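Taking the numbering used here, the leading residue of the sequence shown gets 39, the next gets one more, and so forth.
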Amino acid sequence: LALLGYRATYAATGDRHMRLTFRSVTWANFLSASPSGMTVKLDAAPVSLFIGHNGSGKSSVLDAIHFALFGTAFRPIPKTKLVSWAHGEAALVTLEFDLNGVPFVVRRGIDPNLFEVSKAGQKLALPGKLIDQQAHFEANILRLSAKSTQQIVMLGKAGYTPFLKLDAASRRAVVEDILDIAIFSRMSEELKPKIAALKTDRTEAQHAVRIAETKLDTITQAEAKAKVSHAAKLDRLREEITDAKKEHEA
């Protein structure tokens, strides 16, 4: 049995809430689906209830949605096993959802790899490599990570870890997603190399100061020795002059 609420309010920005509404998901040659594919409408009712025998494909709905959003199944299934290789065709998942009333379509495939995001019918230009595109999608469009999704949007025995059992970094990420304050972590990450560079500069400056102090101590000691030597020479010269005067007077 799988129970899926198609609408989730999951983040606050000031007085506004981020509203994610799932509309439909289609998957073809994905897990047990044939190349002709199958589509599940998710907005026909506030709650969708899937009932069937073990292995009938109930969890595949969650796997397909999670794969479309994050590139991995909801359950711990290796990516190589997501494709139904018996059919010899590419796997493709298409997810339609609204974000604050704006329609989005995500298409993600395997063999060949595919990741496309459309907003209000216009395909978005995602930056860089696939890993950069995914990071951009999570941070700037969906504004949810996989961990947070498994905590507040898609709950299930396969992918759920109680919040208090998450490691500190994951708990912080979930809270930042909910409160929409992930900017502080991103700022921290950007500042880390600058702080490291400053620490290196400080260490080098401290080393230069120690060298300068050593040189100064050496010069000071040499100057002190020179003064003592000079004073001794002056004393000897004065004695020689005094002796010479006495001999001259005699």
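Beta carbons: idealized from backbone N, C-alpha and C, even for Gly.
As the structure is a computational prediction, the values presented were derived from the model and not from experiment.
Around the CB of His286, fewer than 16 other CB atoms lie within 10 Å, so the residue is classed as exposed. Between Val131 and Phe68, the C-beta gap is smaller than 9 Å, which places the two residues in contact. Met56 is positioned such that its CB atom lies closer than 9 Å to that of Asn138. Between Ala177 and the set Phe108, Lys265 and Ile233, the nearest pair of CA atoms involves Phe108. Judged by DSSP secondary structure, Val99 falls within the alpha helix (DSSP H) whose first and last residues are Lys96 to Phe108.
When secondary structure is reduced to three states using DSSP, Leu168 falls in the helix class.
Only exposed fits Gln160, as fewer than 16 other CB atoms lie within 10 angstroms of its CB. Straight-line spacing of the CA atoms in Pro73 and Gly95 works out to 15 Å. Straight through space, the alpha carbons of Ala246 and Ala260 are spaced by roughly 21 Å.
CA-CA distance, Ala206 to Val213, rounds to 11 Å.
Going by DSSP, Ala129 is part of the beta strand (DSSP E) stretching over Ala129 to Leu137. Note that the C-beta distance between Ala106 and Arg146 is below 9 Å. In the DSSP assignment, Ser186 falls within the unbroken alpha helix (DSSP H) covering Ala184 to Ile190.
The three-state reading of DSSP puts Ala71 in coil, since its state is none of H, G, I, E or B. Looking from the CA of Ser86, the closest CA among Gly93, Gly166 and Val99 belongs to Val99.
Under the three-state reduction of DSSP, Ile148 is assigned to strand. By the Cβ neighbour-count rule, Ile233 is exposed, with fewer than 16 other Cβ atoms within 10 Å of its own. In this structure, the alpha-carbon of Lys284 lies about 24 Å from that of His268. Counting of Cβ neighbours within 10 angstroms places Ser97 among the buried residues, the total reaching 16 or more. DSSP places Leu275 within a helical segment (H, G or I) once states are collapsed to three. Relative to Asn151, the option among Pro141, Lys79, Val121 and Ala235 whose CA is nearest is Val121. DSSP, read as helix, strand or coil, puts Phe222 in helix. The beta carbons of Leu162 and Ile179 sit closer together than 9 Å. Under the DSSP definition of a beta bridge, Lys283 lacks any partner. Under the DSSP assignment, Ser86 falls in the beta strand (DSSP E) whose first and last residues are Val85 to Phe88.
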